[in-house]
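Colleague: Please find one structure pasted underneath; my questions will follow.
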Amino acid sequence: MNKFIAAEAAECIGCHACEIACAVAHNQENWPLSHSDFRPRTRQQIVKCDLCEQREEGPACVESCPTQALQLLTERELRRVRQQRIVASGENPL
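If you read the sequence shown in UniProt numbering, its first letter stands for residue 1, the second for the next number, and so on.
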């Protein structure tokens, strides 16, 4: 079953906990995305991620987020969240 990490930009406080957790989980000393003038991202970005397959607890970033801005979702759950966001925004997807 495919799984995805969904990010809610409005919930992100810019604490870097997800980036640090990811770096630690993958034994990386320096994480290139971290910098002092960090601003929460409002645009979607595609980043190579293995969803922390080696961790029984699931992705380190999701587990470490203090505001629960990140969620691990199945494809069905992701479609439901996307549909809810479209309805809430009032946009016509066509």
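Cβ coordinates follow ideal geometry from the N, Cα and C atoms, glycine included.
1. Would you check if the distance between the CB atom of cysteine 22 and the CB atom of alanine 60 is smaller than 8 Å?
2. In terms of alpha-carbon separation, which member of Val87, Cys49 and Ser64 lies closest to asparagine 2?
3. Can you name, in chain order, every residue of its own chain whose Cβ lies under 6 Å from the Cβ of phenylalanine 4, other than the five neighbours on each side?
4. Comparing the C-beta of leucine 51 with each C-beta of chain B, is any distance below 8 Å?
5. With H, G and I counted as helix, E and B as strand and the rest as coil, what does DSSP make of isoleucine 5?
Modeller: Reading off the structure:
1. In contact: cysteine 22 and alanine 60 (Cβ atoms closer than 8 Å).
2. Residue Cys49 is the option with its Cα nearest to asparagine 2.
3. For phenylalanine 4, where only same-chain residues beyond five positions count, the Cβ hits under 6 Å are Leu73 and Leu78.
4. Going by chain labels, chain B is absent from the structure shown, which holds only one protein chain.
5. Annotated three-state conformation of isoleucine 5 is strand, per DSSP.
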